[in-house]
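In my numbering, the protein residues as written are 195 to 326. In this text, a Cβ means the ideal position worked out from N, Cα and C, and glycines have one as well.
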Amino acid sequence: MPTIHHEIEIAAAPEAIWDAACDVGALHTRLVPGFVVDTEMLADAVTPTRRVTFAGGVIADEVIVAIDQERRRLVWSVLGIEHHNGALQVFAAPGGARVTWTADALPPSFAERIAPMMAAGLQRMKAHFEGG
């Protein structure tokens with residue numbers, strides 16, 4: 195199973211980044227505006243589920259698996275594909291924060307499609323928190 199891992203240093207308080215990340219219904223306004231253009235929490239879902247609309251028009255329904263406040267770690271799974279497990283984690287680092295985004299995905303063609311999206315998302319997050 196392909197594993198994708200990206201990380202980035204951001205000159206912002208890790209607490210501020212984490213606060214935005216765990217506000218799972220506000221990706222488009224608080225975490226990655228411009229990369230994500232809309233986030234809707236699905237009221238009829240048994241477990242917390244969000245519908246994410248990306249700038250390129252891709253729409254994904256994501257089940258929120260875990261919000262670990264102690265470790266500043268968010269885990270979600272994209273519905274409707276063979277397998278997906280995504281995890282975003284925020285760490286304190288000199289000068290700000292280090293953010294990691296890891297995903298395990300099947301089929302491999304899906305992993306190939308999302309890898310550049312993940313990298314672009316982290317770049318957008320950095321620009322947002324650094325005032326760009």
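In this structure, what does DSSP give as the bridge partners for residue i?
i	result
Trp-270	Ile-258, Gly-280
His-370	Because the chain here runs from 195 to 326, residue 370 falls outside it and cannot be looked at.
Ala-287	Gly-290
Arg-244	Met-235, Glu-256
Leu-300	His-277
So what does DSSP say about residue i, is it helix, strand or coil?
i	result
Phe-323	helix
Met-195	coil
Pro-227	strand
Glu-306	helix
Glu-368	Missing from the structure shown is residue 368; the chain here goes from 195 to 326 and no further.
Leu-221	helix
Leu-236	coil
Ile-253	strand
Ala-206	coil
Taking 8 angstroms as the limit between beta carbons, can you name the residues of its chain near residue i, skipping five residues before and five after?
i	result
Phe-304	Ile-275, Glu-276, His-278
Please go through the same chain and pick out, in chain order, the residues whose beta-carbon is closer than 6 angstroms to the beta-carbon of residue i, but skip the five residues on each side of it.
i	result
Val-272	Ala-254, Glu-256, His-278
Met-235	Gly-219, Arg-244
Gly-280	Trp-270, Ala-297
Val-226	Gly-315, Arg-318, Met-319
Val-231	His-222, Thr-247, Ala-249
Measure the alpha-carbon distance for residue i versus residue j and round it to whole angstroms.
i	j	result
Met-312	Val-269	14 angstroms
Ile-211	Gly-251	25 angstroms
I want to see whether chain B comes within less than 8 angstroms of residue i, judged by CB atoms only; does it?
i	result
Gly-325	No chain B appears in this structure, which consists of one protein chain only.
Go through its chain and collect everything with a Cβ distance to residue i's Cβ below 7 angstroms, but skip five positions before and after it.
i	result
Val-259	Val-269, Trp-270, Ser-271
State whether the segment 313-321 contacts the segment 202-210, with contact taken as three or more CB pairs (one from each stretch) at a distance under 8 angstroms.
yes
When you compare the segment 291-303 with the segment 217-227, are there three or more beta-carbon pairs, one atom per stretch, that lie closer than 8 angstroms?
no
Are at least three pairs of beta-carbons, each pair with one atom in the segment 280-292 and one in the segment 260-268, less than 8 angstroms apart?
yes
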